Each structure stands twice: as C-alpha cells, then as structure tokens.
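In this note's numbering, the protein residues as written are 0 to 369. Glycine included, each C-beta is placed from N, C-alpha and C at the ideal position. All values reported here derive from a predicted model rather than from experimental measurement. Presented below is the structure to which this report refers.
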Ligand SMILES: NC(=O)c1ccc[n+]([C@@H]2O[C@H](COP(=O)([O-])OP(=O)(O)OC[C@H]3O[C@@H](n4cnc5c(N)ncnc54)[C@H](O)[C@@H]3O)[C@@H](O)[C@H]2O)c1
C-alpha cells in the first residue's frame with residue numbers, strides 16, 4: 000500500500016457564512032464521548048452539515064440535540080439510514096458495532112468514517128472494505144495519530160530513505176493505571192479486547208505507517224489479567240471502573256514478524272506495575288534509527304554519531320487538532336475524491352497485527368497471519 004505523508008493546508012477554510020458549494024450531509028451512529036470531539040471539529044467546517052444522530056441511549060440523543068442542535072434523532076441506525084437523506088456517516092460506537100453499522104451505511108450508498116480500532120477482527124474489516132467497494136464509496140478509519148507532526152516528520156524521513164531497510168520497531172502504549180471508567184472498554188464481547196486493541200492500536204498504526212506498511216505474516220504474544228477484575232484494593236487515576244464486567248486483559252505483549260523480515264514488538268497496558276506511562280515507538284533501520292517522542296533521528300554523519308531533531312515542529316499535535324485534520328481528510332475525500340490517509344486497507348493491516356497477538360495468546364504459540 001503506497002501511503003504518502005499528508006498536507007494540513009486544507010484546514011485553512013473559508014467561513015461557514017461564505018460557503019456556497021455542496022455540503023456533505025452527515026450523521027452519527029453512536030453519540031457518546033468521542034462523537035463530541037468529532038462534532039467539535041465538524042462544526043468548524045463550512046462544507047459539512049450534521050443532520051442526524053443515532054444512539055441506543057435516549058440521554059445521549061437528548062444531549063446531541065441540546066449541545067449541537069441536531070434534531071433528526073434515532074435509536075436504530077437502519078431507520079435513520081432509511082428516513083434521512085445523507086452522504087456520509089461517522090461511526091462512534093463501541094468496537095463490536097463498527098462493522099454492522101459501517102456495512103449497512105455502505106450498502107445505503109454512504110461514505111463511512113469509523114473510529115478505531117476498525118472492527119473486532121480482520122474478517123469484519125474485510126467485509127467492511129468489500130461493502131464500501133461494492134457501493135463505490137469511501138471507507139476511512141479514525142487513525143488520527145498518523146497526522147501528528149512527530150509521525151509526519153519520521154514518515155517523511157523514512158520516505159527519503161534516511162533509515163534504510165527497517166529491521167525493528169518497539170512500540171509502547173503503556174498506562175500504569177488507566178482503566179477507562181466510562182463506556183464498555185472492559186467488556187471483551189463488545190470491544191474485542193483491552194489495551195492492545197484500544198490504545199496499542201494507536202502506536203501500531205503510526206509505527207506501521209512509518210515503516211512503510213509491510214505485510215505481517217506471524218505473531219507471538221501473551222495477555223494477562225491480574226488487576227482490573229479486582230475490587231477496591233487496586234488504585235487508579237480513573238477510579239470506579241466496572242471491575243465486575245471486566246473481562247479484558249490488563250497487559251498484552253506481542254511480537255510481529257513481517258514479510259520483509261522486520262520485527263515489531265508491542266507492549267500495551269491499562270494497568271501495570273511500572274514506573275510511569277509510556278507512549279512511544281522506536282525504529283531501527285540499517286542506515287538510521289528514530290524515536291517518536293522526542294521526535295529524533297539517530298544516524299552516523301561526518302564521522303560522528305549524530306542525533307537529529309527538528310529546530311521547530313508544528314504545534315498541531317493536540318487531540319482536537321488531530322481530529323480536525325483526520326475529519327478534513329475524510330470530508331475532502333468524499334467531496335473532492337482526494338486520497339484517504341487511513342483507508343480501510345490500513346485498518347485491516349493493523350487489525351491483523353492485533354488479532355495475531357490475541358490469537359497467539361490463546362493458542363500459547365506463534366500463529367500465522369494470512
Ligand atoms: N480515535 C481516538 O483517539 C478515540 C478516542 C476515544 C474513543 N475512540 C473510539 O470511539 C468508539 C466509542 O468510544 P467512546 O469513548 O465515545 O465510547 P462511549 O461509550 O462514550 O460512546 C459510545 C456510544 O455508542 C452508543 N452505542 C452503543 N451501541 C450502539 C448501537 N447499537 N447503536 C447506536 N449507538 C450505540 C453508546 O450508547 C454510547 O453513547 C470506540 O470504538 C473507541 O475505541 C477513539
């Protein structure tokens with residue numbers, strides 16, 4: 000898959016008042032936490048109109064109406080897709096709903112952006128891709144971290160050949176104590192897993208993008224649950240998670256082998272006995288290496304080992320800005336047929352990595368990835 004670095008110039012947009020062109024009519028499936036961040040970004044876009052929302056919880060719909068003035072509200076997305084004239088949907092539900100909601104939306108002839116992870120497993124991802132292809136519509140995965148300036152710096156350096164052949168990636172998405180205390184993040188049957196699928200996915204998507212998206216062929220890993228399902232003796236910065244329904248792992252560690260011989264190690268936790276949270280990746284190639292944080296390149300130059308860091312780096316790295324950029328990329332793709340930075344195929348490749356680690360943990364041995 001040829002994935003290019005991205006420009007964020009199109010963020011400079013005319014004001015809503017002046018906009019006269021075709022607007023993208025959008026709806027939400029899932030109006031919870033992250034849908035608010037999407038709405039915040041979309042309401043700044045003059046070429047987008049959010050006209051409907053769907054959620055199984057009436058209070059979420061009420062909030063959507065009060066906060067954002069969206070009046071077409073549904074508890075069943077099938078009814079919404081039938082009754083409302085739409086161009087695109089944003090799927091912001093728990094992971095287990097991503098595939099059915101996206102597939103139905105594609106079948107209804109709509110463009111889709113779905114939140115990360117793309118789905119519960121690679122089979123669902125493939126079905127989503129097939130449905131979007133059949134409809135001739137876009138399918139985008141909500142991977143905002145590939146727009147982060149650190150990621151873009153390293154991706155450009157990789158595309159320039161500064162690292163040479165990549166041999167090893169070390170990925171960390173580690174929380175010492177940070178079990179989500181909202182939504183259904185502790186329920187394996189609704190989410191597909193814990194920290195590996197929920198936050199490991201972010202580091203994996205960045206790392207896989209920077210290393211040039213090689214094909215994963217095998218995985219080895221393990222998962223452990225030893226704190227999140229326990230009661231009050233476990234301290235956490237986000238207290239009062241539902242330990243009774245907690246069926247996901249606390250810690251997952253995996254190693255992925257790629258077709259080109261490269262290896263990726265990924266460590267991810269919601270809760271763990273470590274000094275502090277870590278959010279980073281390190282890459283080692285034959286000509287150079289790098290870290291994501293701080294954004295640094297390590298090479299040999301002029302007879303010395305040198306560390307190269309940007310003298311200045313864009314500040315477009317806060318959460319809301321990254322969402323604006325990712326949604327702008329999606330809206331442009333829908334309205335102007337420009338390329339998606341994170342199409343369904345990128346989501347599928349990442350899902351194969353996640354799935355490989357979980358399957359290997361269950362099997363107790365290395366597993367193949369097709
Ligand atoms: N890109 C990111 O950085 C990021 C950050 C947070 C969450 N997310 C992803 O967004 C998704 C939602 O997370 P959240 O934090 O907003 O969770 P949330 O629980 O706050 O919101 C999910 C909403 O979906 C609704 N819902 C559940 N089943 C539904 C159905 N069948 N039809 C319609 N609505 C349904 C729930 O009632 C809830 O309001 C998850 O997949 C999560 O991984 C992504």
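So, with DSSP's three-state summary, where would you put residue i?
{"i": "residue 235", "result": "coil"}
{"i": "residue 367", "result": "strand"}
{"i": "residue 124", "result": "helix"}
{"i": "residue 29", "result": "coil"}
{"i": "residue 149", "result": "helix"}
{"i": "residue 346", "result": "helix"}
{"i": "residue 331", "result": "helix"}
{"i": "residue 194", "result": "helix"}
{"i": "residue 300", "result": "strand"}
{"i": "residue 49", "result": "strand"}
{"i": "residue 326", "result": "helix"}
{"i": "residue 134", "result": "helix"}
{"i": "residue 218", "result": "strand"}
{"i": "residue 155", "result": "helix"}
{"i": "residue 339", "result": "coil"}
{"i": "residue 77", "result": "helix"}
{"i": "residue 10", "result": "In this prediction, residue 10 scores a pLDDT of 44, lower than 50, which makes its location untrustworthy; the coordinate-derived value is nonetheless stated afterwards. Helix at residue 10."}
Under DSSP, the alpha helix (DSSP H) around residue i begins and ends at which residues?
{"i": "residue 161", "result": "Segment: none, residue 161 is in no alpha helix (DSSP H) and carries neither H nor E."}
{"i": "residue 101", "result": "94 to 106"}
{"i": "residue 83", "result": "Counting along the chain, residue 83 falls outside any alpha helix (DSSP H), and DSSP gives it neither H nor E."}
Tell me where the beta strand (DSSP E) around residue i begins and ends.
{"i": "residue 57", "result": "Premise fails: residue 57 lies in the alpha helix (DSSP H), 57 to 67, not in any beta strand (DSSP E)."}
{"i": "residue 306", "result": "303 to 307"}
{"i": "residue 252", "result": "250 to 257"}
{"i": "residue 290", "result": "287 to 290"}
{"i": "residue 44", "result": "Counting along the chain, residue 44 falls outside any beta strand (DSSP E), and DSSP gives it neither H nor E."}
{"i": "residue 73", "result": "71 to 73"}
What residues are listed by DSSP as bridge partners for residue i?
{"i": "residue 213", "result": "Paired residue(s): none; residue 213 is not in a bridge."}
{"i": "residue 169", "result": "264, 281"}
{"i": "residue 111", "result": "88, 138"}
{"i": "residue 223", "result": "250"}
{"i": "residue 295", "result": "290"}
{"i": "residue 370", "result": "Nothing in the structure corresponds to residue 370, since the chain is present only between 0 and 369."}
{"i": "residue 189", "result": "None, per the DSSP bridge assignment."}
{"i": "residue 23", "result": "47"}
Taking 6 Å as the cut-off, is the CB of residue i close to at least one heavy atom of ligand 3?
{"i": "residue 53", "result": "With respect to ligand 3, the structure shown offers nothing to examine, as its ligands consist of ligand 1."}
Next item on the list: Please confirm if the segment 106 to 125 is in contact with the segment 343 to 350, defined as three or more CB-CB distances below 8 Å between the two stretches.
Entry: The segment 106 to 125 vs the segment 343 to 350: in contact.
Item checked: Validate contact between the segment 197 to 204 and the segment 299 to 319 using beta carbons, cut 8 Å, 3 pairs -> No: the two stretches stay apart, fewer than three of their Cβ pairs being nearer than 8 Å.
| Sufficient close CB pairs (3 or more, under 8 Å) joining the segment 80 to 100 to the segment 289 to 297 | Output reads no: the segment 289 to 297 does not touch the segment 80 to 100.
_Cβ pair count under 8 Å reaching 3, the segment 156 to 165 against the segment 352 to 364_ = Touching, no.
Below 8 Å, can you find three or more Cβ-Cβ pairs linking the segment 255 to 269 to the segment 210 to 219?
A contact exists between the segment 255 to 269 and the segment 210 to 219.
Exercise. Does the pairing of the segment 273 to 281 with the segment 232 to 243 give three or more beta-carbon distances under 8 Å?
Worked result: No: the two stretches stay apart, fewer than three of their Cβ pairs being nearer than 8 Å.
Measuring CB atoms only, is the segment 53 to 69 touching the segment 19 to 38, in the sense that at least three cross pairs come out at less than 8 Å?
Verdict: yes, contact present.
Quiz item: Does the segment 222 to 230 come within contact of the segment 238 to 255, defined as at least 3 CB pairs closer than 8 Å?
Solution: Segments in contact, yes.
Are the segment 309 to 316 and the segment 141 to 151 in contact at 8 Å, needing three or more beta carbon pairs? Contact between the segment 309 to 316 and the segment 141 to 151 is established, with three or more Cβ pairs separated by less than 8 Å.
The segment 181 to 194 in contact with the segment 331 to 338 per 3-pair CB rule at 8 Å:
The segment 181 to 194 vs the segment 331 to 338: no contact.
**Study point:** Three or more C-beta pairs below 8 Å linking the segment 325 to 333 and the segment 153 to 162
**Key:** Short answer: they don't touch.
### Message
Between the segment 74 to 84 and the segment 167 to 177, can you find at least three pairs of beta-carbon atoms closer than 8 Å?
### Response
Output reads no: the segment 74 to 84 does not touch the segment 167 to 177.
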